[in-house]
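The structure appears below as structure tokens.
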Amino acid sequence: MVKLSTMTSVCPDWTVDEIVEGMLKHGYEGLEPRVGWGHKAGLELDSSSSDRDGARAKLEAAGLRVCCVATGARFATEDSSELAGYIEEAKKGIDLAADLGAPVVRTFGGQRGKGQLLGIINRTAEAYKQVMDHAAERGVTVMLETHDEWCVSAQVRAVVERVNHPNMAVLWDFMHTQRFMERTEETMATIGSLTRHIHAHDGRYRENGTALDTVDLGQGELDHETPLRLLNEIGYDGYFSVEVIHKPGSDHDADGTLKNYAEGFAKVKP
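Start counting the sequence shown at 34; every next residue gets the next number (the numbering used here).
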């Protein structure tokens, strides 16, 4: 059964207590902290043990959980010193996830650099292999998101297959595979069985498809119902996580976004 979750980017100015209140109000079950963006919830890679334990206790007391930790680590970079930093970030993200009780961590492929695709895929897979032992030790799965230069599902699958580790999987962002003109059934056949988490946002194209603007769930052109149904049919029991990005201190309606996506999810969930 697919469950509803939200990223802290929806409500960057809310404390953990306020987030719990909003989640309960609108029927959310999971929370996905986006680290590194200064969100008021304070769930960061350098958070103290007491802060981690306190946040986890508050969520679990309310029947909620941290379902994923979203890092900004990018594994396709050609720069060895940059990659070392991202590997360290991913390992810290794995530790944070384990401490918060989250089963998965989000990472990116990121910019690929130059060269043939096969070489890029092999290099990226080798980079991911460097965090697999740590992920296994902490009981956390690392996910490559269909995002940035890695929106084509066959290429994402190729990386995961080369890593060849039970703690490596996929985060399927429905928007990005559809932006790259993949039919949902084809994407499902390629990465459906590897998917452990979903990112949710709707979008509407401007005239002639010159740009894609983020809109409320159900107001755009993206298909959420079909992939959710197909994933449900194979027993997916992860989260549909709302990824609407509000900058801290900006003029935004976090409660309204949570309400809209909860109502939209009720219409498209299997």
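Each residue gets a CB set at the ideal place from its N, CA and C atoms; glycine is no exception.
Note that this is a predicted model, so its numbers are computed, not measured.
Who are the Cβ neighbours of Ala244 in its own chain at under 8 Å, not counting the five residues just before and after it?
Tyr238
Along the chain, where does the alpha helix (DSSP H) that runs through Phe298 open and close?
287 to 301
Pro199 burial status per 10 Å Cβ neighbour count (16 or more: buried)
exposed
Inter-residue CB distance, Leu227 and Arg262 (contact presumed, cutoff 8 Å):
Taking C-beta atoms under 8 Å as the contact rule, Leu227 and Arg262 fail to qualify, at a distance of about 18 Å.
According to the Cβ coordinates, are Trp47 and Ala233 closer than 8 Å?
no
Leaving out five residues on either side along the sequence, give the residues of the same chain with a beta carbon under 7 Å from the beta carbon of Glu215.
Ser186.
According to DSSP, is Thr179 part of a helix, a strand, or is it coil?
Reduced to three states, the DSSP call for Thr179 is coil.
State the start and end residues of the unbroken alpha helix (DSSP H) segment that holds Leu116.
113 to 133
Can we say the stretch 101 to 114 touches the stretch 53 to 62, given the rule of at least three CB pairs closer than 8 Å?
no
Candidates Arg229, Gln149, Thr290, Ser83: closest to Phe273 by CA position:
Arg229
Using beta-carbon positions only, say whether Leu250 and Gly225 come within less than 8 Å of one another.
no
With DSSP run on the structure shown, which of helix, strand or coil describes His230?
strand
With a CB to CB cut of under 7 Å and the five nearest residues on each side skipped, what residues in its chain are close to Val301?
His257, Glu258, Leu261
Let me know the beta strand (DSSP E) ranges lying completely inside the stretch 224 to 286, each 3 residues or longer, listed in chain order.
228 to 233, 235 to 238, 245 to 248, 272 to 275
Gly69 and Ala109: beta carbons closer than 8 Å?
no
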